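Chains as they are written, first to last, in our numbering: chain S, 253 to 621; chain V, 253 to 621.
First up is the structure itself, then whatever we jot down about it.
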DNA sequence: CGAAATAACGTGTACGTTCACGATTTCTTA
DNA sequence: TAAGAAATCGTGAACGTACACGTTATTTCG
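Below you can see the structure in the form of structure tokens.
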């Protein structure tokens, strides 16, 4: 275990060989080496082969600092996301912003654009994005079918499109980053099945079944419930269309049923109307509840145990992964996984404090994960 | 919502201001600006103040690519981690590696060093790290008390030390990245309390209480159990010292108790001996079990429902956050949060597939989280 | 008061790479 | 075979910063 042995270990304390070293070794110019290494035209096959071999032999590693300095690439990416639901999309934007701010060596310019809500003015706004000729675009597809042609035009104009929070499969989007919705539903079902022992029924209240996201959640919920909870039956899904009134009324109707459901899975972040109805009917604490995402009004209900768990869709991380994926694609040429499914966080009473800093007043650190 | 309004949004579409811009704005030379910005001698206090103010006003951000090119500074960071437990630390190393590979504009060189296991040769190996004069060092402290002086020497030699997986508080370490151990224990207790309805007792099997990590888990478990589960009593903690034989024997002894414990929380990743004992005694499925981390042998037990949940400590993410924190500190001067507590992932049967790609054969993508 | 010493500031080069441009060679074809 | 076209290659200027060195302004002291 003397010094020479230690030297031979993994530390590469040799002087890094540059492009000029391999040029000198072959008595050719650095320009030719550059062309050969990057598959640029204007170099004969033989010299290209020689260069590649010598580069391998000398263990050439490009100097990323010099590269990113020289080609001072300016990446322009558009971020087109709805304003509602703010607790989710604000955090998503923060994730993008924070990650972008800490990318050294390349300056990327973010163009944040907002529209009121999913399906409300998104198409028009995205339409205008085509002429901006962004290098990349981050968006949330509302109706996958309707955005297909738009994505196609963007892609053929050289804009890489990344879907976030929901996916638009069968389109030309480069990749998608979202929480695994089916797993979310499955988790909800499994938790309810483990906690509820009596025979009975459980209900689901969803936002808009038109979006792929909510349909997947329901699918996962139903599938897992059927396999792990033979004692629980599933009531027909209630669709709130993200309208508070509708959700409130539907909940009242649900609670009027006899026998009452033993558990409820609310798969949209707009859960407050449902919870309000539950509270007014004094049903909090008597029905097991699983919600979606995290916002201040939910906190006391989790702390008191009235909500069994909430499934956090990690908007900050989604934004972070989305912009990282996009940047990696734009700088290197690596095509990413078509769809990156994040695992939702299961927030219980005991790990709730770990997530509270992410929903407090903005502009604090908003640390990772 | 016209064009001017859109322009005024958060996008910083201005050309990034360099050192020469602030020189031009003040009609001085870039040399003076450089001296002023870096507290170098040879510049009058007044001009220094002017430069600083203008730098602030123009929102100057140094170009790290140009800097690290000029200084030809390779950031050298040592990664000193144990080989055991491989499922955890291999993934941790991968997280560091993958993240380091995607840092643009700065050349950082990783020096991976391994020692058999925590507390087995770590001090000696870390001792040798002092003379390497790393810019940064990532390590896992075994016994916090014993590494204090070492960390102090490293820090005073200009090496920034980051603790990962466990912390060494009250030392000169720059920061720590770990899963919130108390929360892990709390989650385990809460899940057991929700699932077990009968009156009875639960047991904990830990690795080495000497490490801060395991002690914290136990503290969180006991604390939460006391508040949410009045029907469950806690048996004295069993310490396995990370030795398979010891863990196996202790489990047999535990199962010989009457009445038998209704639930077991295994807070170390070395859970196989315990599970083997449980299986041999035909107790799998009759005792609620919560384990720690994820590795291939655990998968079928989770799929069959014999393990209620496993608390995944996200080694990949820990490595990623650790190296990100370190690099951010070394490039900018921002001192990070002293300790970054990640939320553990609760892996159930229904979300298990989301985590399987992270424990399969190496060298695949090993995507985020 | 003038020269030397010191402080304050300007100038130029280099870091390794990319790329436009010009120079040189090789290949066609009449 | 000569000249034009095409392929191949060399040259030099940038990218933003750090730093050695040279230059000018200010002070000190015999």
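From the three backbone atoms N, C-alpha and C, an ideal C-beta is built for every residue, glycine too.
Quick caveat, the model's predicted, so the values are computed rather than measured.
In angstroms, rounded to a whole number, what distance separates the CA positions of residue i and residue j?
i: residue 444 of chain V; j: residue 494 of chain V; result: 24 Å
i: residue 425 of chain V; j: residue 390 of chain V; result: 10 Å
i: residue 545 of chain V; j: residue 339 of chain V; result: 8 Å
i: residue 613 of chain S; j: residue 503 of chain V; result: Reliability of the predicted coordinates at residue 613 of chain S is poor, the pLDDT of 44 falling under 50, and no value is obtained from them.
i: residue 437 of chain S; j: residue 603 of chain S; result: 20 Å
i: residue 513 of chain V; j: residue 535 of chain V; result: 11 Å
i: residue 564 of chain V; j: residue 522 of chain V; result: 13 Å
i: residue 283 of chain S; j: residue 463 of chain S; result: 52 Å
i: residue 516 of chain S; j: residue 487 of chain S; result: 10 Å
i: residue 484 of chain V; j: residue 518 of chain V; result: 17 Å
i: residue 365 of chain V; j: residue 376 of chain V; result: 12 Å
i: residue 499 of chain S; j: residue 372 of chain S; result: 20 Å
i: residue 312 of chain V; j: residue 549 of chain V; result: 53 Å
i: residue 333 of chain V; j: residue 589 of chain V; result: 22 Å
i: residue 466 of chain S; j: residue 596 of chain S; result: 14 Å
i: residue 362 of chain S; j: residue 505 of chain S; result: 46 Å
i: residue 360 of chain S; j: residue 601 of chain V; result: 41 Å
i: residue 381 of chain S; j: residue 459 of chain S; result: 28 Å
i: residue 336 of chain V; j: residue 301 of chain V; result: 53 Å
i: residue 591 of chain S; j: residue 593 of chain V; result: 28 Å
i: residue 353 of chain S; j: residue 582 of chain V; result: 16 Å
i: residue 490 of chain V; j: residue 461 of chain V; result: 9 Å
i: residue 268 of chain S; j: residue 571 of chain S; result: 36 Å
I want to see whether chain V comes within less than 7 Å of residue i, judged by CB atoms only; does it?
i: residue 295 of chain S; result: no
i: residue 358 of chain S; result: yes
i: residue 413 of chain S; result: no
i: residue 250 of chain S; result: Outside the shown range of chain S (253 to 621) lies residue 250 of chain S, about which nothing can therefore be said.
i: residue 478 of chain S; result: no
i: residue 435 of chain S; result: yes
i: residue 618 of chain S; result: No answer about residue 618 of chain S holds up, because its pLDDT of 40 lies below 50 and its placement is not dependable.
i: residue 254 of chain S; result: Unreliable placement is indicated for residue 254 of chain S, whose pLDDT of 37 sits below 50; no coordinate value is reported for it.
Flag residue i as yes if its beta-carbon sits less than 7 Å from any beta-carbon of chain S, otherwise no.
i: residue 514 of chain V; result: no
i: residue 509 of chain V; result: no
i: residue 307 of chain V; result: no
At 8 Å on the CB atoms, spell out the chain V contacts of residue i, in chain order.
i: residue 642 of chain S; result: Only positions 253 to 621 of chain S appear in this structure, which leaves residue 642 of chain S out of reach.
i: residue 215 of chain S; result: Residue 215 of chain S lies beyond the residue range present for chain S, which begins at 253 and ends at 621; the question has no answer from this structure.
i: residue 354 of chain S; result: 576 and 580
i: residue 315 of chain S; result: 321 and 359
Under 7 Å Cβ-Cβ, which residues of chain V neighbour residue i?
i: residue 379 of chain S; result: Neighbours of residue 379 of chain S on chain V: none; closest Cβ ~14 Å, over 7 Å.
i: residue 348 of chain S; result: By Cβ distance, chain V contributes nothing, its closest Cβ being about 11 Å from residue 348 of chain S, past 7 Å.
i: residue 318 of chain S; result: 321
i: residue 438 of chain S; result: 602 and 603
Which chain S residues are close to residue i, counting only those with a beta carbon under 8 Å from its beta carbon?
i: residue 416 of chain V; result: Correct list: empty, because the minimum Cβ distance to chain S is about 13 Å.
i: residue 447 of chain V; result: 446 and 447
So if I threshold CB-CB distances at 7 Å, which residues from the stretch 575–606 of chain S count as touching chain V?
580, 583, 589, 592, 593, 594, 595, 597, 598, 600, 601, 602, 603 and 606
What residues in the stretch 462–476 of chain V have a beta carbon less than 7 Å from any beta carbon of chain S?
476
Which ranges would you report for the alpha helix (DSSP H) in the stretch 478–538 of chain S if only whole runs of at least 4 residues count?
496–508 and 524–532
Please list the residues of the stretch 267–288 of chain V that have a C-beta atom closer than 8 Å to any C-beta atom in chain S, keeping them in chain order.
268
Could you tell me which whole alpha helix (DSSP H) segments of length 4 or greater appear in the stretch 321–345 of chain V?
none
Extract the residue ranges of the beta strand (DSSP E) inside the stretch 376–411 of chain S, only unbroken runs of 3 or more that lie entirely within it.
Taken in chain order, the unbroken stretches of beta strand (DSSP E) that lie wholly in the stretch 376–411 of chain S and span 3 residues or more are 388–391.
Which runs of the alpha helix (DSSP H) fall wholly inside the stretch 420–471 of chain S and span at least 4 residues, in chain order?
433–447
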